[in-house]
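One structure is given below, encoded as C-alpha cells.
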Amino acid sequence: MQQVMEQFADMIREFYNDPLDPLAKQFMFRRPPTVGELRRPPQVLMLGNHSSGKSTFINHLLGVEVQKTGVAPTDDNFTIITYGPHETDRDGPSVVSNPDLPYEGLRHFGDQLVSHIRLKLQPAELLRTVTLIDSPGMIDEAKEENGRGFDFPGVVRWFAERADLVMIFFDPDKPGTTGETLQVFKESLNGIDHKLLIVLNKMDQCQNLHDFARAYGALCWNLGKVIPRKDLPMIYNTFVPLEGKPKSDLPMEDFEKARGDLIDALHRAPTRRMDNQITQMQSFAERLRLHVFVINEAAGRYRRSRVGSYASLVLLFPTLAAGAIVTGLFVALPVLAVIAIVAVTLLELVFLPRKKKRIIAQFDEIFEGLHDRELLVRDRAEDLRAMWEDVHPRAREVAEKRGLQSFAKMSRVDRDVLNELIDDCIPKLRSQLYDALRNISIDAGQRSEEQSDVAEEPTVEEPKVEEILVEEQPVEDVAPPSRRFMSWGKRDTG
Ligand SMILES: Nc1nc2c(ncn2[C@@H]2O[C@H](COP(=O)(O)OP(=O)(O)O)[C@@H](O)[C@H]2O)c(=O)[nH]1
Ligand SMILES: [Mg+2]
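Its first residue numbered 355, the sequence shown is counted upward by one per residue in our numbering.
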C-alpha cells in the first residue's frame with residue numbers, strides 16, 4: 355500500500371515539476387506545495403469553538419492526556435500531534451524550519467503564528483495512521499478584527515487544504531455560527547466541504563429531548579446560513595464519556611454509535627490522502643490556468659497596444675521629417691525631434707501606464723471572454739466564477755506590481771500541456787488511484803484468506819518522526835504512458 359501510494363506521490367510530484375511549477379514561477383502564481391507537503395502523513399484537523407471538546411476528543415482517541423482541557427479558552431495554539439517513539443514537544447520555530455516536516459509554508463503567516471505552533475510526538479498507535487491537529491478555539495462573538503496577531507482564517511485554510519479530514523465541533527451551549535466561525539466557514543472552508551465532518555458534541559449535556567432538539571435545530575439553522583447547499587451535511591451527534599459529569603435522561607446508544615462512526619472515518623483518512631492530494635493539484639492547476647490565461651491575454655493586449663503606438667510614431671515622424679526636407683523647412687527638423695522625444699516620453703509615462711490600468715480593470719471581462727462557452731453551463735459557471743474570485747486579486751496584484759510588459763508570451767506547447775494535464779492526465783490519475791485502491795483491498799482480502807507469502811513488512815524498529823514523514827522508497831518510473839506522447843514530448847529537446 356505504502357509503495358503504491360509513493361508511486362502516486364511521485365506522479366503528482368512530476369506534474370508539479372513540469373509544467374505546474376515553471377508556469378507558476380513564470381506568471382508569479384502562488385507557490386506549489388513543497389516536497390515535505392507532498393509527502394505529508396494523513397492529517398485530521400480539529401476545528402470548533404473553544405471548549406466544544408476538541409482536546410477532550412483527542413485525548414479520548416489517544417487514551418492519554420496529550421492536550422490540556424478546560425472551560426476557559428486557555429489553549430490558543432495549533433498543536434500538531436504525530437507519532438514518535440518517545441513523548442516529545444517541539445515549538446513553532448523548530449517545526450516550520452524543518453524541511454523534512456510539511457509545515458514550512460506556515461512561515462509566511464509571520465512570527466506571531468509561528469509562536470502559536472506546537473508539535474507533540476506521542477507513542478500512540480492511532481498516530482501511526484493519522485496526525486491530529488488541534489486548533490485554538492474560535493471566538494464566537496462577532497469581532498471586526500480577531501486580535502490574534504495573525505491571519506486566523508488564512509491559517510485555518512492552510513491546514514484545511516492539507517488535511518484529509520476536517521472535524522468541526524459545536525456544543526449545545528454554542529451551536530451558533532457567528533463571529534469567527536462564520537468567517538472561517540466563508541473564508542477557510544469553502545470548496546472543501548467534501549472533507550468536512552460536522553460534530554455536535556457534548557450531547558450528554560442535553561438533559562432531555564427538548565434540549566437536544568433545540569441544540570440540533572439551532573445548529574442546522576445556523577449552518578444553513580453558511581453552507582450554500584440545499585441539503586445539509588450529516589451531523590454527528592456525540593459526546594465523550596467523562597467521569598463526574600451529570601447523566602442525561604436521553605438514550606446514549608445513538609450518540610455512542612456516532613462516535614464510533616467518527617473514529618472509523620478517522621481511520622480511513624490515509625486512503626483519502628492521495629485522493630485529496632490529486633484534488634489539491636487539480637485545484638492548483640485549474641486556478642493557475644485561469645491566472646495564466648488571463649494574464650497572458652492581458653499582456654498580449656498590452657503588447658499589441660504598445661507596438662501599435664510605436665509603429666504610429668515610427669511612421670509619423672520620419673514622414674514629417676521627409677516632408678520638411680522635401681519642402682526645405684529644415685528649421686522644423688529640430689522641433690520635430692523634440693516633439694518626437696516628448697511623444698515617446700508621454701507614451702511611456704502617461705499613455706501606456708493608463709493603458710495598463712485600463713487592461714487590468716478589464717480582467718473580469720477578459721475572464722468572461724476566455725470562458726464564454728463554459729460559462730453557459732450552469733454548474734460549471736458557478737465553479738469557474740468561484741475560482742476566478744479566488745484568483746483575481748492575486749492576478750491583479752501581480753499585473754500591477756510587475757507590469758504587463760514583463761510577461762513573455764505563453765507558448766502554444768505550454769498551453770497544450772496545461773490543458774492536457776487538467777483535462778486528461780488528472781482524471782486518468784484519479785481513476786488509476788481508484789483501481790489501485792480497489793486492487794489493494796481485493797489483494798488484502800485474498801491474502802488474509804490464502805495466507806499468501808507476500809507478507810507486509812512489519813515495522814521492525816520504531817522510526818523517528820522525520821523517517822515517518824519522509825520514508826525513502828525505491829521509485830519506479832510511473833509516469834502515465836500518455837505523458838510522453840502528449841504535448842510534453844514536444845518540449846523535450848534533449
Ligand atoms: N459533558 C461533557 N463535557 C465535555 C465533553 N467534551 C469536553 N467536555 C468538557 O468541556 C470542557 C472543554 O473541553 P476542551 O476539550 O478543553 O474543549 P476545546 O476548547 O474545544 O479543546 C472541559 O471541561 C471538558 O471536560 C463531553 O462530551 N461532554
Ligand atoms: Mg482545546
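Yeah, the Cβ is synthetic: ideal placement off N, Cα and C, and Gly gets one too.
- In this structure, the CA atom of I487 is about 57 Å from the CA atom of L700.
- About 21 Å separates the Cβ atoms of Y590 and L536, ruling out a contact at the 8 Å cut-off.
- For G491, the distance from the CB to the nearest heavy atom of ligand 1 is below 7 Å.
- Counting along the chain, the unbroken beta strand (DSSP E) around Q476 starts and ends at 471-476.
- Around the beta carbon of W842, 16 or more other beta carbons sit within 10 angstroms, so the residue counts as buried.
- Segment contact: the stretch 593-609 against the stretch 361-373, fewer than three CB-CB distances shorter than 8 Å; contact not assigned.
- Burial check for H440: the Cβ neighbour count within 10 Å stays below 16, so the residue is exposed.
- Per the coordinates, the alpha-carbon of P376 lies some 15 Å from the alpha-carbon of R641.
- The secondary-structure analysis by DSSP pairs D488 across a beta bridge with M400, T433.
- Unbroken alpha helix (DSSP H) runs of no fewer than 4 residues, entirely contained in the stretch 512-563, are found at 533-541, following chain order.
- In the structure shown, Y656 falls within a helical segment according to DSSP collapsed to helix, strand and coil.
- As DSSP reads the structure, N591 sits in a beta bridge with L554.
- Between L519 and R384 the beta-carbon gap is near 24 Å, outside 8 Å, which marks them as no contact.
- Between D778 and the set G662, S602, Q636, the nearest pair of CA atoms involves Q636.
- The Cβ atoms of T485 and P396 sit closer than 8 Å to each other.
- For R502, there is no enclosing alpha helix (DSSP H), as DSSP marks it with neither H nor E.
- Residue pairing by DSSP puts R444 in a beta bridge opposite L473.
- Selection F524, R792, I617 evaluated against L415 yields I617 as nearest (Cα-Cα).
- Annotation: the continuous alpha helix (DSSP H) that includes T410 extends over 408-416.
- DSSP places V731 in no alpha helix (DSSP H); its state is neither H nor E.
- Judged by DSSP secondary structure, K611 falls within the alpha helix (DSSP H) whose first and last residues are 607-621.
- With a contact defined as Cβ atoms closer than 8 Å, I412 and K474 miss out at about 10 Å.
- Annotated three-state conformation of K709 is helix, per DSSP.
- With fewer than 16 other CB atoms across the displayed protein chains lying within 10 angstroms of its CB, W575 is exposed.
- Each residue's CA atom was taken as its position, placing P453 and R444 some 15 Å apart.
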